[in-house]
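For reference, the structure is listed below as structure tokens.
Numbering (the working numbering), first residue to last: 5 to 272.
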């Protein structure tokens with residue numbers, strides 16, 4: 005089909021000649037080169053936009069899209085993930101202070117409202133490009149003096165050094181639009197898409213960290229491995245009551261809880 009010839013030509017350009025952010029040839033030039041209509045050219049371009057190779061910017065044109073990275077849901081830090089991909093991570097710290105836990109933060113960390121927590125707000129970079137904005141809270145009693153001498157490069161690394169290596173956690177991911185403040189920090193226009201990831205990590209039964217991160221949707225795609233079904237762990241914030249009984253199946257839980265029935269909050 006005619007549009008496939010145009011599509012394959014553009015795909016080759018993107019792969020071998022153009023770089024991220026470069027404009028593709030105009031519709032007029034493509035029409036003249038292949039002797040096709042504008043509708044045919046648009047069909048070819050649409051296919052590559054859907055594939056994530058091109059992106060349209062209203063009023064400007066169509067450009068080569070940045071290479072997207074898999075946002076793999078695993079229990080590792082941003083820095084560890086970037087180094088695994090051969091990229092150099094860095095951070096810009098916006099806020100690093102001790103604050104009283106608000107009710108929602110206290111609930112996430114299983115604290116009483118008003119207990120002191122460390123709060124770290126920073127922009128995360130890979131090879132100098134802003135990739136994510138991250139807010140992290142953790143109980144002060146778990147890591148006394150954490151911010152003495154400045155915020156650590158890796159919260160997970162600091163917890164490991166203190167014998168509190170997070171060994172399991174919970175993630176929720178949602179697609180949303182970036183606001184003006186985060187958009188300026190990420191180099192995105194207000195309203196562009198971001199992936200919002202909320203995470204809690206635990207060392208055994210100890211809630212270690214709670215974080216909220218916004219990842220650029222133009223640089224990430226969510227990748228989730230699939231396995232055969234198995235007994236699922238009840239989310240810790242689920243309130244449903246469960247009464248153990250004869251023949252009841254137990255749920256998988258944090259390390260050390262295998263084979264024990266779990267209540268609705270996830271605690272054995």
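Just so you know, even glycine gets a beta-carbon here, dropped at the ideal spot from N, CA and C.
**Request:** Buried or exposed for residue 180, please, with buried defined as at least 16 other CB atoms from any protein chain shown within 10 angstroms of its CB.
**Result:** Here residue 180 is exposed: its Cβ has fewer than 16 other Cβ atoms, across all protein chains shown, within 10 Å.
**Request:** Give the DSSP bridge partners of residue 67, in chain order.
**Result:** DSSP lists 27, 59 as partners of residue 67.
**Message:** I'd like to check one pair, residue 175 with residue 201: are the Cβ atoms closer than 8 Å?
**Reply:** Pairing residue 201 with residue 175 gives a Cβ-Cβ distance under 8 Å.
**Request:** Could you give the DSSP three-state label for residue 194: helix, strand or coil?
**Result:** Looking at residue 194 - three-state DSSP - the assignment turns out to be coil, as it is neither helix nor strand.
**Message:** Excluding the 5 residues flanking residue 94 on each side, which residues of the same chain have their C-beta closer than 6 Å to its C-beta?
**Reply:** Answer for residue 94: 129, listed in chain order.
**Prompt:** So with Cβ pairs under 8 Å, would you call residue 226 a contact of chain B?
**Reply:** Protein chain content of the structure displayed is limited to a single chain, and chain B is not contained in it.
**Prompt:** Where does residue 186 land, buried or exposed, given buried means 16+ other C-beta within 10 angstroms?
**Reply:** Per the 10 Å Cβ criterion, buried.
**Message:** Just verifying my parser: in three-state terms, what is the DSSP assignment at residue 16?
**Reply:** Here residue 16 sits in helix by DSSP.
**Asked** Hey, how far is the Cα of residue 70 from the Cα of residue 139?
**Response** When only Cα atoms are considered, residue 70 and residue 139 end up about 25 Å apart.
**Item:** Cβ separation of residue 189 and residue 143, assumed to be a contact under 8 Å, to the nearest whole Å
**Value:** In this structure residue 189 does not touch residue 143 by the C-beta definition: roughly 27 Å separates them, more than the 8 Å allowed.
**Request:** Report the three-state DSSP secondary structure of residue 92 (helix, strand or coil).
**Result:** Correct three-state label for residue 92: coil.
**Message:** Any contact between the segment 115 to 132 and the segment 88 to 103? By contact I mean 3 or more CB pairs, one from each, below 8 Å.
**Reply:** Counting Cβ pairs under 8 Å, three or more are found: they touch.
**Request:** Take every Cβ of the segment 54 to 71, pair it with every Cβ of the segment 104 to 124, and state whether three or more of those distances are shorter than 8 Å.
**Result:** Cβ pair count under 8 Å is below three, so no.
**Message:** I need the boundaries of the beta strand (DSSP E) containing residue 135, first residue and last residue.
**Reply:** Residue 135 -> beta strand (DSSP E) spans 133 to 143.
**Message:** Cutting at 6 Å between CB atoms, please list the residues of its own chain near residue 250, excluding the five before and the five after it.
**Reply:** Its pLDDT being 42, under 50, residue 250 is placed unreliably in this model, and the coordinates cannot settle the point.
**Message:** Quick check on residue 175: does DSSP put it in helix, strand or coil?
**Reply:** Per DSSP, reduced to three states, the secondary structure at residue 175 is strand.
**Item:** Whole-angstrom distance between residue 131 and residue 87, CA atom to CA atom
**Value:** If I take the Cα positions, the gap works out to 10 Å.
**Prompt:** Who are the Cβ neighbours of residue 25 in its own chain at under 8 Å, not counting the five residues just before and after it?
**Reply:** Excluding residues within five positions, the ones whose Cβ falls inside 8 Å are 67, 68, 70.
**Asked** So who's on the other strand from residue 221, going by DSSP bridges?
**Response** Residue 221 pairs with nothing; no bridge assigned.
**Asked** Which term fits residue 231, buried or exposed, when burial requires 16 or more other beta carbons within 10 angstroms of its beta carbon?
**Response** Classification for residue 231: exposed.
**Asked** Using a Cβ-Cβ cut-off of 6 Å (strictly less than) and excluding sequence neighbours within five positions of residue 182, which residues of its own chain qualify?
**Response** For residue 182, same chain residues with a beta-carbon under 6 Å away, outside a window of 5 residues either side, are 192, 196, 198 in chain order.
**Request:** Take residue 32 as the anchor and find which of 65, 19, 23, 18 has the nearest alpha-carbon.
**Result:** Checked all of 65, 19, 23, 18; the closest Cα to residue 32 is 65.
**Prompt:** Candidates 177, 169, 224, 218: which alpha carbon is nearest residue 212's?
**Reply:** Ranking 177, 169, 224, 218 by Cα distance to residue 212 puts 169 first.
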